[in-house]
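Colleague: Input: one structure, supplied below.
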Amino acid sequence: MEDSLNILLVDDNPDDRALARREIGREFPNCQFQQVTSAKELSQAIESTRWDMVVTDYQLLWTDGITVLLAVKVRWPDCPVIMFTGSGNEEVAVQAMKAGLDDYVLKSPKHYARLASAVHMALERLKQRRALRQAETRYQSLCDDVPVGLFRVARDGRIIDANPALIEMLGFPDRQALLAVNAMNFFADSTERHALLNALKGSEIIRFFETRFYRRDGKLIWAEVNARVIRHDLEQVACYEGSLEDITSRKEAEQSFRESEARKGAILDSAPDAVITINEGGCIIEFNPAAERIFGRRRDDVLGKELAGLIIPHSLREKHRRGLEHYLATGHSVMLGKRVELTALRAQDKEFPVELTINKVNLDGPPLFTGFIRDITDRKRAEKQLRDSREQLRALAGYLQSVREEERTRISREVHDELGQALTGLKMDLAWLNKRRAEVGDAQELRQFEEKLKELPERVDGIIAAVRKIATELRPPVLDDFGLEAAIEWQIHEFEKRTGIHCRFTCTLKDLDLDPDRATAVFRIFQETLTNIVRHAEATQVEIHLREEGQKLILEVHDNGRGMSGRELSGTRSLGLLGMRERATMLDGEVNIIGRQGKGTTVGVRIPIHRTSEGQKK
Ligand SMILES: Nc1ncnc2c1ncn2[C@@H]1O[C@H](COP(=O)(O)OP(=O)(O)O)[C@@H](O)[C@H]1O
Ligand SMILES: [Mg+2]
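Following the numbering used here, the numbering of the sequence shown begins with 1309 at its first residue and continues without gaps.
Structure representation (structure tokens):
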């Protein structure tokens, strides 16, 4: 390109023009020259063509070199102009350089040779200027187009420069309006502003500083600031320069993520069930407080460990591992989404029953599995208790039925034996009397007759006694008439008479007005206790205490027999004992039995006393 330079030559002297041509042509052989020698020609030449270079004399007949220079620069500010003169002086040179002259070469043999290199240098400078301008333009358009706010701010907060993105980010209509505001006013929080400035002063540069700014409309935005200090000399801070990115939506997303994490955390923390999440490798990645409690292990100790080895009993581990592998390979599982009851393992290798539901967590990437686990030990125990007590209830009902049958049999036997015999005797006597009444003749027969007659009331008395005995055994009237203490005394008396076992009775009750239900219950329990002693205890002595203690009636029966064993005590089929307990529980009381091998058995009954009178007052 330099080879075909178009150069405009402004010089009145033909020799000088030839000289210039020769000197330049030496370096640039393909140079084209046009020469002008009048103002008219000059203005035409400037107007019509874009010259690569203008070489002008200073002293011209029709003008001077500076005027030429100015005329050229007005039209082509870029076009290099060199003054080639013999008449100029230093003053002219300075003036011309100020007006944009590229070089000044003297027309003297010593300096001719410099002309070509002046052209060369002028062209070089032009190239550099153009490159610089291009770079500036590129930089400018980058600043204009980049979606990040860019700024330059003076030390006092005056905004020196801002790009369109920043103007828009802060909600200003144009650059002018933004530059009119002091940058310090944008900070929403003065402590954050201080922090930012201090950090900048401390380290010259600050990165990823997050803070809040007010927009022009008063709205708050979150921005990330990157900035550095610009110093012109080493001491003085000239300005700050940097970028501002609107991160409001990221911040909001972070905030809502944090909130949802917090909510999730709160749910996990307060869940009554264990919530455990494992990854596809079967390792624990989540273990909530309920899980810690239920399994007796700390979250920090189990995270990252394999679930199977920690909370699955040895017998089920392989099954669990195979199930997981099978699912990962085929996508099929018999466990997912179902509620199942299993045995789990807590610390110290203790097994316990759990209810478990496993769900797959659908996220990008490998699957996670979350298990919800409930400790059902209590429920299982309650279920067993319920089953047992149903069983007992059924047995008890049967027992009561058979007891009633026994009672009926006994009564019918007694009625049959005692009353039957007595009445049969009476009937026979009556028949005899009837027959003999007509035949009574002599005095001896009359005596016999009268004696028979005399026997009759006795027989009737016998029958009455038998009736009373039967009735008493069914329900001793002494209980209703004289109360519990008297009834127990009577029962002890009967017991001693029947069995020969010696009894000692102490009673410290005073004026106890027990309601009939309670009295009957205690009395029946007492009867059953005595029956057991006869049947099982092999005792020779029985001690009975009846007392009141803290609003409770207490009956203790101690025998010196073989002593009841623990197994006998807990046997669910011990219906006599069960009946005793049932009676006590119905009245909010309890029965305690202590048996000591070879040292006898003590039965203690405790029943709250609700004195009838008090009950009525209420
Ligand atoms: N005072 C006692 N001394 C020793 N063993 C007793 C005594 N009372 C009860 N037992 C034992 O407890 C068992 C349960 O008693 P119980 O429920 O009344 O049943 P049953 O009297 O019908 O056998 C008895 O079979 C007996 O082995
Ligand atoms: Mg019994």
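Where is the CB? At the ideal position from N, CA and C, for every residue including glycine.
Leaving out five residues before and five after R1325 in sequence, what residues of the same chain have Cβ atoms less than 6 Å from its Cβ?
Modeller: Correct list, in chain order: L1317, D1319 and Q1343.
Colleague: So the beta strand (DSSP E) C1547 belongs to, where does it begin and stop?
Modeller: Its beta strand (DSSP E) spans residues V1545 to D1554.
Colleague: Please indicate yes or no: does the CB of E1836 lie closer than 7 Å to some heavy atom of ligand 2?
Modeller: At least one heavy atom of ligand 2 is nearer than 7 Å to the Cβ of E1836, so yes.
Colleague: May I ask you to report which of helix, strand or coil DSSP gives I1917?
Modeller: I1917 falls in the coil class under three-state DSSP.
Colleague: Given a cut-off of 8 Å, decide if F1459 and L1474 are closer than it, judged by their beta-carbon atoms.
Modeller: Yes, Cβ-Cβ distance for L1474 and F1459 is below 8 Å.
Colleague: Using C-beta distances below 8 Å, list every residue in its chain close to R1558, excluding the 5 sequence neighbours before and after it, in chain order.
Modeller: For R1558, where only same-chain residues beyond five positions count, the Cβ hits under 8 Å are W1530.
Colleague: Cβ-heavy atom distance between G1869 and ligand 2 below 7 Å?
Modeller: G1869 Cβ: outside cutoff for every heavy atom of ligand 2.
Colleague: Leaving out the 5 sequence neighbours to the left and right, which residues in its chain are closer than 8 Å to W1798 when beta-carbon positions are compared?
Modeller: Taken in chain order, the residues that qualify are P1784 and V1786.
Colleague: Please say whether V1662 and L1644 have beta carbons closer to each other than 8 Å?
Modeller: Not a contact, by the Cβ cut-off of 8 Å.
Colleague: Can you tell me the Cα-Cα spacing of E1349 and A1443, whole angstroms?
Modeller: Taking the straight line joining both Cα atoms gives about 37 Å.
Colleague: Counting pairs of Cβ atoms below 8 Å between the stretch 1907-1915 and the stretch 1826-1840, do you hit three or more?
Modeller: These segments touch.
Colleague: Any chance you could list the alpha helix (DSSP H) runs of at least 4 consecutive residues sitting entirely within the stretch 1714-1769, in chain order?
Modeller: For the stretch 1714-1769, whole alpha helix (DSSP H) runs of length 4 or above, ordered along the chain, are 1729-1747.
Colleague: Over the uninterrupted beta strand (DSSP E) stretch that includes L1588, give me the two end residues.
Modeller: The sequence as given places Glu at residue 1588; Leu does not occur at that position. Where E1588 is concerned, there is no enclosing beta strand (DSSP E), given that its DSSP letter is neither H nor E.
Colleague: Is T1717 near ligand 2, going by C-beta to nearest heavy atom under 7 Å?
Modeller: Checking the Cβ of T1717 against ligand 2 gives no.
Colleague: Determine the DSSP secondary structure at A1328, reduced to helix, strand or coil.
Modeller: It is helical.
Colleague: Exposed or buried, which one is T1732 when buried takes at least 16 other CB atoms within 10 Å?
Modeller: Classification for T1732: exposed.
Colleague: Roughly how many angstroms separate the alpha carbons of G1604 and R1654, rounded to a whole number?
Modeller: Computed Cα separation, rounded: 6 Å.
Colleague: Here's the rule: buried if 16 or more other CB atoms are within 10 angstroms of the residue's CB, otherwise exposed. What is R1695?
Modeller: Flag for R1695 reads exposed.
Colleague: Would you say E1876 touches ligand 1, meaning its beta carbon is less than 7 Å from a heavy atom?
Modeller: Yes, ligand 1 has a heavy atom inside 7 Å of this Cβ.
Colleague: Just checking, does the stretch 1423-1430 make contact with the stretch 1397-1411 on the three C-beta pairs under 8 Å criterion?
Modeller: Yes: at least three Cβ pairs fall under 8 Å.
Colleague: Just reading off the alpha helix (DSSP H) that G1679 is part of, what are its end residues?
Modeller: Premise fails: G1679 lies in the beta strand (DSSP E), L1676 to D1683, not in any alpha helix (DSSP H).
Colleague: Who does M1872 pair with in a DSSP beta bridge?
Modeller: According to DSSP, which records beta bridges pairwise, M1872 is partnered with nothing at all.
Colleague: Pull up the CB-CB distance for R1904 and G1871, whole angstroms please, since I reckon it's below 8 Å.
Modeller: Confirmed, about 5 Å.
Colleague: Taking 7 Å as the cut-off, is the beta-carbon of G1884 closer than that to any non-hydrogen atom of ligand 1?
Modeller: It does: the Cβ of G1884 is within 7 Å (strictly closer) of some heavy atom of ligand 1.
Colleague: What are the boundary residues of the alpha helix (DSSP H) that includes A1652?
Modeller: Here A1652 belongs to no alpha helix (DSSP H); instead the beta strand (DSSP E) covers R1647 to R1654.
Colleague: Thinking just about the alpha-carbon of each residue, which of A1774, K1743 and K1818 is nearest to the one in H1929?
Modeller: Since the first residue of the chain shown is 1309 and the last is 1926, residue 1929 is not available in this structure.
Colleague: Just mark H1866 as buried or exposed, buried being the case when its beta carbon has 16 or more other beta carbons within 10 Å.
Modeller: Per the 10 Å Cβ criterion, buried.
Colleague: Would you call the CB atoms of D1683 and I1602 closer than 8 Å?
Modeller: Yes, Cβ-Cβ distance for D1683 and I1602 is below 8 Å.
Colleague: Can you name the start and end residues of the alpha helix (DSSP H) that I1620 belongs to?
Modeller: Segment: none, I1620 is in no alpha helix (DSSP H) and carries neither H nor E.
Colleague: How big is the Cα-Cα spacing for Q1924 and L1822?
Modeller: Unreliable positioning characterises Q1924 in this predicted model, as indicated by a pLDDT of 39, which lies under 50. A coordinate reading is not provided.
Colleague: Quick check: the stretch 1668-1679 against the stretch 1840-1859, are there 3 or more CB pairs under 8 Å?
Modeller: The answer is no - the stretch 1840-1859 does not touch the stretch 1668-1679, with fewer than three Cβ pairs under 8 Å.
Colleague: Can you confirm whether the stretch 1713-1724 touches the stretch 1748-1765 when touching is taken to mean that 3 or more C-beta pairs between the two stretches lie within less than 8 Å?
Modeller: No contact exists between the stretch 1748-1765 and the stretch 1713-1724.
Colleague: Assuming V1362 and V1380 are in contact, meaning their beta carbons sit under 8 Å apart, how far apart are those beta carbons, in whole angstroms?
Modeller: Sure, about 5 Å apart at Cβ, within 8 Å.
Colleague: Please return the same chain residues whose Cβ sits closer than 7 Å to the Cβ of A1847, not counting the five positions on each side in sequence.
Modeller: Excluding sequence neighbours, A1847 sits near I1809, I1841, D1867, N1868, G1869 and G1908.
Colleague: What number of angstroms, rounded off, separates the C-alpha of N1490 from the C-alpha of L1478?
Modeller: Those two C-alpha atoms are separated by around 13 Å.
Colleague: Indicate the three-state DSSP secondary structure (helix, strand or coil) for L1664 in the structure shown.
Modeller: Note: L1664 maps to strand in three-state DSSP.
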